[in-house]
Structures are given as structure tokens and as C-alpha cells.
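Enquirer: Got a structure for you, questions after.
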Amino acid sequence: MTTGLHLTLITTITSYFLFTESSVAEFNRPETFTPDNLEDSKENLKGFSLLNQVTSKVFHGSTKSGNWTFIVSGVATFLFLAATTDWLLSSRGKKRPFYQQLHSFMTRLGERFSSALSLYSTSGFNSDSHLLKFHSDDYKKALKLGGYPGGLANDGNTCFMNSVLESLASSHEIVDFLTQFTDNSDDNESQKSGFFRKKQLKAPFSDALLELLNKLNGRHGRRTHTYKTKRLLSSMKDGPTKSMFLGYNQEDAQEFYQSLMRQVEKEFKKVEMQKEGLLVDEDFDKSEAEKRSQSQMPRESFEDKAAGMTMGLEDLGCLGKVYVPAVQVDPDVAGVESKVYPLKFVTPVDGLICERIGCTNCGETGGIRYTVTSGLGLTLPYNSDTAYRLEDLMDEWKKPETIDGVECNRCGLKNMKSGLEQKLAEFRQSTDSTAGRLVELTEKRISEIDETLSKPIINDDDYNRLHTKNMEKKSTKIKQAYYSRPPAVLCIHVNRSVFDPRTYTVRKNNAKLIFPIHLNITDYVATPDDINMDARMPFRKRDTPSEEEDNGKEAENSSAHDPRLEYTLKSVISHFGTHNYGHYIAFRRCRQMWWRISDEIVRLSSEKEVLASQGTFMLFYELTSRSKDEEPEEVVADETCSDDTASNDSSSSVGSCSSSIPSEEEDRLPSSTETSPDSMDEEAQKQFINAQANL
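Mature numbering (1 follows the signal peptide of the UniProt record, and there is no 0) puts the sequence shown at residues -25 to -1, 1 to 670.
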């Protein structure tokens, strides 16, 4: 009975929104009013007007008679479905494919409704002039610059993968890196035939990824094309498993992104080592040489400082080796002042994090820990706020974390020395026959402690050799992190999982994230020469209060924004649903325009809609100084054939059409026969405005 009730309710809701959305969605498509389908559009206007009149009469009649049965039943139905969908799918979805298909169908249906609602709520439809401008000028500009980007087929529940791939396609840094890398990895095989050459590729995954990203960035004209990810996934050894396709974990997009970048990094290192003549196993994970290097102490990798080494913020965005002062990594090394510690950036998402953990009593840090990372993770706090600023979350990320009840080597030895000095005074006053020997041993131990305390850092070996457990002293330490060298592509992951103490379960925090188009991260970067080694001082020297500030005078703003640290937003991944179930979409920048992409559903968006989006899960920023978002030449899309393309026709049949980038000869303005939506007659424009005004 439960199943029958669910199916009845779902069918009712589906039929209602399918009928309504089919009319509304037609107006959401910018290509609705084009010369090719102008006559059909007029008929749709009439049909939409009739539907609008019927709907208005139903609601008007309900209000007039005081009968709220229709509205109340609708709200109750939605509440019932929302409360039971998770249980229904989790308990039966694994064993019954029907429920998986049902969930996928409802998700896509809801996505279409959400897409229409998002467009209507952010496009200012109370303004007729703005409406026409959105459906004409923006669409006309998009067509001149190449038209629609590509979409991706959903092979089950793969929206988490599709959103990440669309986001990566928006980054010129990543596409350029893959282009250069795959070209260099295939130098020795450039003369071979196509089939044999692809079999011998040294970086098959990176090559497949680049091919797919180029297709997504293709110029598809008036209609988007849908591509498949089959070749990419087949070459991804540690990629998503079947269980991931059938799951709905909210973290899948972040996990897939990390897995994808690890695979690219592995192939890059494999090719580099093969070029150096090092032996690499067929099933390459980490070479023996790399494993040995990772097992070494940092001091064993120190190099003499030389001219031309990249340090600090020099050549920001460039890949390869970067160097940090060795004295910050391990000060307890002879001649360390003239040495540096090398780290390597492999992909454009690689950035360098510097972390300081030090004692608040004595200030000892034990060195700065430098780590290469491929993203920045932020967490939404658990409270009643409904919105947060991205900068506030980043402030929380760099905020010092207090660690109580830990041992400090220096404070522990100082405490031990103080205790031994008291014992020494007692031994000197004692008349016992063994007092002389005890005085001699105590003075020797105090001398050893003084010698160890004179070192810049007290390592664990010296501490364990000198201290005793009955004289330990607990201390408080501070942990804090900054970017030392930010990446060319800054990937920010917003963790929305929170533990609910009332229900003892993990749930999703649905608070809105307010983020900017342009982000300057000067306040979150500490270059090596700006780091205080004393943990009692602020992390950055520039944040240390000056004498003028101590005397109550205003000091100059030490955190003036560095133009080199300016980033521009390239894409946004949003998640809709609960912690365990839901759907991912992507907003991405492509050829000066914003697009909203949900698997194979692609439509023109706007900066306003992007900033107003809900469920922000991942953000991709790119260094403004290296961004290639300049105005491209106006082109006409050229359609060719491809084997792994799913056509996005209205019939939804699988086809073989894809898009290729036009050659220089083909880069031209649209011909006079390709008129824009502005060319529709005044009668159609008036009908269009009247229909929207009645919504």
C-alpha cells in the first residue's frame, strides 16, 4: 500500500509539473524566438496564454469560494514526499532498479523546474525591456562568439562527475596545461598512424580528459551537443566505481575532483621519469625513487641557494620547482642559512600551504611545515545563520586553533632544569656521604640541559634522552595556516556536512554562501620572508603591532591588496538535496558568457543568477593576471561528426554529431540570413511580453 501511495502521489506531482514546465521551459530557451521557429513560437504563445488563463481561473475560483483544498493538498503532498523519499530510495533502491530509475527521473524533472524558477527569479521579469534584452542581446552575443558549450550525458547518477568536468573546462590554465603535457608526452609518436598512436599514448587519461574538455568548449551554435564520458572513465584506473554511480553521497564531486587530479599528476610524473630514463612499472603508482624521496627527512633534500630559483610570489602561476628557506623547515642544521628546500608544483591547481604549530609560552615552533595541496577546504559552521560570506569562512580557516594539554620540548626541559636546581641546593646542604656524588651528577645533567636549550629547536630525541616522566609539564600550542604560494587555479570546497546533536546524525547545512566574482586573497597569504618563527607573535610580520599602534596612533594599512593575488571566478558547482541524496549542476564561464549546465541541459545564464545561486559546493577561481577571458573573435559554429557524441535533439535520440572549432577561414560574422531574435515582428514581441506579465 505504501508503494502504491508513493507512486500515485509522484505521478500526480509529475504530471502537473511536466505539463506546466513544458510551457514555461519553452520561454526559458533563448532560441525560442528565432527565424527558424518563429511560427511555432507564436503557436506556443497562444497555448501558453490559454494555459495561463485556465490556471488563473482555478486559483481565482479557489480563493473566491474560500476552498483551499487544492492548495492545502498540494502542500501536504510535497511535505509527505520530502519526508519519505530518502527512506524509500535507501531501503529499496539497491535491490530494485525501478526505484533508481524513478529517482533519476524525478531528479531531472525537478532540475528542469528549478532551472526555470531560477531564471524567472533572477532575470527581473517585471521589466519588459530587461526581458527582451536577455532573450535578444545576450543570446545574439553568445551566438556570435560560438554559441552553446557542450553538455554531458548522465550515465546513471553521474551529475557529480559532469559538474566537475564542466568546471575544469572553464579554466584556460588547466586546458593549456593538458595541451602542453599531452603534446610533450607524445613527441616520439607524432608520426604514427592514429589508431596505433592512441594505443601507445603514455598519458591516455590526460589525453582523454583534454579531448573531452575541448569538446565541451567547442562552438556548437544554436543547439548544444551532449557528449559521453565513456573513454575518460575507461582510462581512469582509480576512478569512480559502480557503487559510486549508484550512490548519492554529497561529497562525490569533491572526491571525484581529487581522484581526477591525482590521476593526471601520476601520468605527468610517469612521463617525466620516463624522459629521465628511470624504470617505471606498468601499473605505475609511485616509483621506487619517489617512495625513497618521500621517506627522506626534509634536511636530506636541502640544496644550496642559487640565483634563478623561484621563491615567494615570483612568477606566480608557473609550474615546476619552488623553493622555501631551509632555516624555516629545520633550523637545527649546520649552515642552514644558505640552503633552500625544494617543492614541486605539477598541475595548475597546486598551491603551497605553510603551517605553524608553536607553544604560546616559549614561542618554539619546531619549524614551518610546507605542504603542496590541490584545493582549499572550508566548513560552514553549525548555527542558525542563513547566509555566510566566503571571506568570513576564509577568515575562520586562517584563525589560530588552540591545542591544550600537549608537551612542549623546551618548556619541559626548562621545568626539569628548575626542579634539578632545587634538588641541587638540597644535596649541597646535605651531610650524607652520597651527597657529593649526587651534586656531581645533578650538575652534569643541568649542564646537558643548558646545552640543549641553547639550540634553536629541541628535537624529540634530545628531549626523550633528558626528561623524566615525573617532571613533565603540559603546555598550550597554537596551530595556524596560510597560503605561502597560491595556485594558478584556486579550487574551494565548501563542506556543508554538520553534526546535529539533537538527532545524532549528519545533515546538510543549506545556508547560502555569498561569494564575489573577483576575489583578492592578500589577507590569506604569508610569504616565507613575512613569517614570524616565534609562535607568541602574529603569524605574519606585517600583522605585528607597530609602535605607532601601541601608542594609539593609526598605522598604515599593512594588508593592502596585492594585485598579483587577484582571482576571477570561472565556475560554480551547486548541490541540491539532502546530505545523502541530491543533484549537482554547474555554472561556468565560456567565451565571455555565463552558462547554467545540468548534465545535458545547457542554457544561457547571467552573473546575477550565478551570484544568487543556492547550494554552493565548489568554487573555481583563476588568477586574473593569467586569465584568458579576453573577447574572442566572432565565429560561426561548424558541425562535424564524432563517435562518442550523444545528440541533444528534441527527440533525445543518440546521434553522432559533434562540434569542431572553425579554422581561421571559417571565423566570420553570422551571415545576413542568420538574423537574431531582435528580428521577430512587433506582434510576436507584444505577445511575448503579455504572456510573461501574466506569470
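Positions of the beta carbon are idealized from the N, C-alpha and C atoms, including for glycine. The structure presented is a predicted model; accordingly, all values stated were derived computationally and were not measured.
What whole-angstrom Cβ distance do residue 288 and residue 460 have, given they're in contact under 8 Å?
Expert: With 8 Å as the limit, residue 288 and residue 460 qualify as a contact, their Cβ atoms being about 7 Å apart.
Enquirer: Residue 337 lies in the beta strand (DSSP E); which residues open and close that run?
Expert: Residue 337 -> no beta strand (DSSP E), and no H or E assigned at all.
Enquirer: Less than 8 Å between the beta carbons of residue 140 and residue 149, yes or no?
Expert: Their beta carbons are not under 8 Å apart, which means residue 140 does not touch residue 149 by this criterion.
Enquirer: Please name the residue or residues paired with residue 559 in a DSSP beta bridge.
Expert: Its beta-bridge partners are 550.
Enquirer: Return the CA-CA distance between residue 379 and residue 417, expressed in angstroms with no decimal places.
Expert: If you take the alpha carbons of residue 379 and residue 417, they lie about 31 Å apart.
Enquirer: Going by beta-carbon coordinates alone, are residue 373 and residue 455 separated by less than 8 Å?
Expert: It is a contact, given that the beta carbons lie within the stated cut-off.
Enquirer: Are the CB atoms of residue 554 and residue 477 nearer to each other than 8 Å?
Expert: No, Cβ-Cβ distance for residue 554 and residue 477 is not below 8 Å.
Enquirer: Once you ignore the five residues that flank residue 377 on each side, which residues in its own chain have a CB closer than 7 Å to its CB?
Expert: Only 451 and 453 meet the Cβ criterion.
Enquirer: Mapping DSSP to helix, strand and coil, what is residue 458?
Expert: Residue state, collapsed to three classes: strand.
Enquirer: Pull up the distance between the alpha-carbon of residue 505 and that of residue 273, whole angstroms please.
Expert: Roughly 21 Å between the two C-alpha positions.
Enquirer: Kindly list the residues whose CB is nearer than 8 Å to the CB of residue 509, restricted to its own chain and excluding five residues on each side of it in sequence; keep chain order.
Expert: Closer than 8 Å at Cβ, skipping near neighbours: 333, 338 and 340.
Enquirer: Quick check: the Cα distance between residue 560 and residue 135, rounded to an integer number of angstroms?
Expert: Cα to Cα, residue 560 sits roughly 8 Å from residue 135.
Enquirer: Between which two residues does the alpha helix (DSSP H) harbouring residue 245 extend?
Expert: Residue 245 -> alpha helix (DSSP H) spans 227 to 250.
Enquirer: Using 10 angstroms around the beta-carbon of residue 493, count the other beta-carbons present and answer buried if the total reaches 16, otherwise exposed.
Expert: Label assigned to residue 493: exposed.
Enquirer: Among 197, 199 and 210, which residue has its Cα nearest to the Cα of residue 186?
Expert: Nearest C-alpha to residue 186: 210.
Enquirer: If you drop the 5 nearest sequence neighbours on each side, which residues of the same chain put their C-beta closer than 6 Å to that of residue -16?
Expert: Bear in mind that the predicted position of residue -16 carries a pLDDT of just 49, short of 50, making it unreliable; the figure below should be weighed with that in mind. Excluding positions up to five away in sequence, the list is empty.
Enquirer: Taking the alpha helix (DSSP H) that residue 389 belongs to, which residues open and close that run?
Expert: Residues 384 to 404.
Enquirer: Which partner residues does residue 565 have in the DSSP bridge list?
Expert: For residue 565, which the question treats as bridged, DSSP gives the partners 568.
Enquirer: Nearest-angstrom Cα distance between residue 590 and residue 145?
Expert: Going by the C-alpha atoms only, they are around 20 Å apart.
Enquirer: Is residue 301 helix, strand or coil when you go by DSSP?
Expert: Reduced to three states, the DSSP call for residue 301 is helix.
Enquirer: Does the count of Cβ pairs from the segment 119 to 128 and the segment 190 to 207 closer than 8 Å reach three?
Expert: Short answer: they touch.
Enquirer: Residue 634: buried (16+ other C-beta within 10 angstroms of its C-beta) or exposed?
Expert: Its pLDDT being 37, under 50, residue 634 is placed unreliably by the model, and the measurement read from it follows with that caveat. When all chains shown are included, residue 634 counts as buried.
Enquirer: Could you tell me how far apart the beta carbons of residue 243 and residue 156 are, in whole angstroms, since I believe they sit closer than 8 Å?
Expert: Right, the Cβ-Cβ distance comes to about 6 Å (below 8 Å), so this counts as a contact.
Enquirer: Between residue 350 and the rest of its own chain, which residues show a CB-CB distance below 6 Å, the 5 nearest in sequence each way excluded?
Expert: If we look at residue 350 and ignore the five residues flanking it on each side, its Cβ neighbours are 466 and 468.
Enquirer: Quick check on the DSSP output: the beta strand (DSSP E) that includes residue 362 runs from which residue to which?
Expert: Note, residue 362: beta strand (DSSP E), 362 to 364.
Enquirer: What are the partner residues of residue 493, as DSSP defines its beta bridges?
Expert: Bridge partners of residue 493: 543.
Enquirer: Give the range of the beta strand (DSSP E) segment to which residue 597 is assigned.
Expert: First-last of the beta strand (DSSP E) with residue 597: 591 to 598.
Enquirer: Would you list the residues sitting across from residue 470 in a DSSP beta bridge?
Expert: Residue 470 is bridged to 354.
Enquirer: Is residue 512 helix, strand or coil by DSSP?
Expert: Residue state, collapsed to three classes: coil.
Enquirer: What residue from 231, 239, 386 and 191 has the CA that sits closest to residue 593's CA?
Expert: That would be 231, whose Cα lies nearest to the Cα of residue 593.
Enquirer: Determine, using beta carbons only, whether residue 118 and residue 197 come nearer to each other than 8 Å.
Expert: Their beta carbons are under 8 Å apart, which means residue 118 touches residue 197 by this criterion.
Enquirer: Under a three-way DSSP split, which group does residue 278 fall into?
Expert: It is a strand residue.
Enquirer: From residue 324 to residue 301, what distance separates their C-alpha atoms?
Expert: Rounded to whole angstroms, residue 324 to residue 301 spans 24 Å at the Cα level.
Enquirer: Apart from the five residues on each side of it in sequence, which residues of its chain come closer than 8 Å, Cβ to Cβ, to residue 233?
Expert: Counting only Cβ-Cβ distances below 8 Å, and skipping sequence neighbours, we find 349 and 350.
Enquirer: List the residues that DSSP assigns as beta-bridge partners of residue 680.
Expert: Outside the modelled stretch of the chain, which goes from -25 to 670, sits residue 680, for which no answer is possible.
Enquirer: Kindly indicate which residue of 295, 586, 409 and 189 has the alpha-carbon position closest to the one of residue 247.
Expert: Of 295, 586, 409 and 189, the residue nearest in Cα terms is 295.
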